[in-house]
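> Here the numbering used here runs 920 ahead of the position in the sequence shown, where the first position is 1. Attaching a single structure in structure tokens format; questions to follow.
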Amino acid sequence: VQFRQENVEDVYEITEEIGSGQFAVVRKCIEKCSGKVFAAKFIKKKRARASRRGVTKEDIEREVDILTTVGHKNIISLHEVYESNNEVVLILEMVAGGELFDFLSDKEYLTEPEAVAFMIQILNGMDYLHERNIAHFDLKPENIMLLNKDAEPHNIKLIDFGLAQRITPGMEYKNMHGTPEFVAPEIIAFEPIGLPADCWSIGVITFILLSGCSPFLGDDKSETFENITRVDYEFDDEYFADTSDLARDFIQHLLVKDQRKRFTIKDCLNHAWIKGAANYIPAWVTQEPLSPP
Ligand SMILES: Nc1cc2c(nn1)-c1ccccc1CC2
């Protein structure tokens, strides 16, 4: 998709802010010709090479390339892209249900069936990406949006592919800056990273969904990194007393330091905690539509 050079405000009415990232602000917008509602993500372009502010054109093109090539019900879709001299605007599918993060803080934590209903959708979206050797590299509750917070069960969309990468075997990715609480040990150790880093983050997210607690969070960044490097976490009985052994087993297979021994997304989808859920989660959540011929 090419970056349109005309003024985005000529084509869309830009309204209230609905979210923001480090160098991005996301606003609700309405396409004038159709009345359709979208989310406009304004990304600041990096001015000078040495500047710490803004995003390089190369990084923006990577996010656009990845969003353009993926199409899945649990991944945000990209409608079109505009460019002005100091920013790029991604016109994205509108998701109006807010972040899973906020949904969680209202509920403290979820029952296992609720957590599994979310986890199945996260895993389906991630399975689609990992089958195409795309790593998200910034999985966390803030980057999981609910389509509609009142619907049951909830339909989720993975957002923010600003750190996503196509992983070519043999290529090494090291300079990463995910969010401390969710990064895998290999990211902290500056070892080559790949798809398994996302699986670690899924383990952290599952732990949080079931307990409301963050397994490795310390009083500061370095303490958090210390806890991750040592894989120092526990299922505190105060929060995990009612959590099934299957759920703990699922998490334990993801929070594994050696990324070669860590569960893959396929392993997760085959785990009894997830597979067993197919009995009580509606088919539209659990069944992947047959991929187009
Ligand atoms: N960093 C972010 C942050 C957000 C979004 N994208 N990137 C987003 C995408 C579609 C709909 C709504 C949003 C708001 C949050």
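Idealized CB from N, CA, C, for every residue including glycine.
(1) If you compare alpha carbons, which of 1058, 1187 and 1008 is closest to residue 929?
(2) Do you know how far the Cα of residue 974 is from the Cα of residue 963?
(3) Can you tell me which of the three DSSP states residue 1188 falls into?
(4) Starting from the C-beta of residue 1191, find all residues in its chain whose C-beta is less than 8 Å away, skip the five residues before and the five after it, and write them out in chain order.
(5) Considering residue 929, what are the terminal residues of the alpha helix (DSSP H) in which it resides?
(6) From residue 1069 to residue 1149, what does the alpha carbon distance come to, in whole angstroms?
(7) I want to check one thing, is the minimum distance from the CB of residue 1098 to the heavy atoms of ligand 1 below 7 Å?
(8) DSSP three-state label for residue 1004, please.
(9) Using 7 Å as the cut-off, classify the Cβ of residue 961 as near or not near the heavy atoms of ligand 1, replying yes or no.
(10) Is residue 880 near ligand 1, judged by its Cβ being under 7 Å from some heavy atom?
(11) Is residue 946 near ligand 1, with its Cβ less than 7 Å from a heavy atom?
(12) According to the neighbour-count rule (16 or more other Cβ atoms, all chains shown, within 10 Å of its Cβ), is residue 1188 buried or exposed?
(13) Cβ of residue 939 versus every heavy atom of ligand 1: is any distance shorter than 7 Å?
(14) Touch check for the stretch 1128–1148 and the stretch 1026–1038: three-plus C-beta pairs under 8 Å?
(15) By how many angstroms is the C-alpha of residue 980 removed from the C-alpha of residue 1139?
(16) In the DSSP assignment, find the unbroken alpha helix (DSSP H) run with residue 963 in it and report its ends.
(17) What does DSSP give as the partner residue(s) for residue 949 in the beta ladder?
(18) Name the DSSP beta bridge partners of residue 1055, please?
(19) For residue 1087 versus residue 1114, is the C-beta spacing smaller than 8 Å?
(20) Checking contacts by CB at 8 Å: is residue 937 closer than that to chain B?
(21) Expressed to the nearest angstrom, what Euclidean distance is found between the alpha-carbon atoms of residue 1197 and residue 970?
(22) Name the two residues that bound the continuous beta strand (DSSP E) containing residue 1077.
(23) For residue 1067 versus residue 995, is the C-beta distance shorter than 8 Å?
(24) Check each candidate in 1175, 1145, 987 and 937 and name the one with the smallest Cα separation from residue 1049.
Working from what's here:
(1) 1008
(2) 7 Å
(3) helix
(4) 1166, 1169, 1170, 1173 and 1183
(5) 928–931
(6) 35 Å
(7) no
(8) coil
(9) yes
(10) Because the chain in this structure spans residues 921 to 1213, residue 880 falls outside the shown range and cannot be described.
(11) yes
(12) buried
(13) yes
(14) yes
(15) 33 Å
(16) Note, residue 963: premise wrong, no alpha helix (DSSP H); beta strand (DSSP E) at 957–964.
(17) 934 and 958
(18) 1085
(19) yes
(20) Reference to chain B is not applicable here, since this structure consists of a single protein chain.
(21) 50 Å
(22) 1076–1078
(23) no
(24) 987
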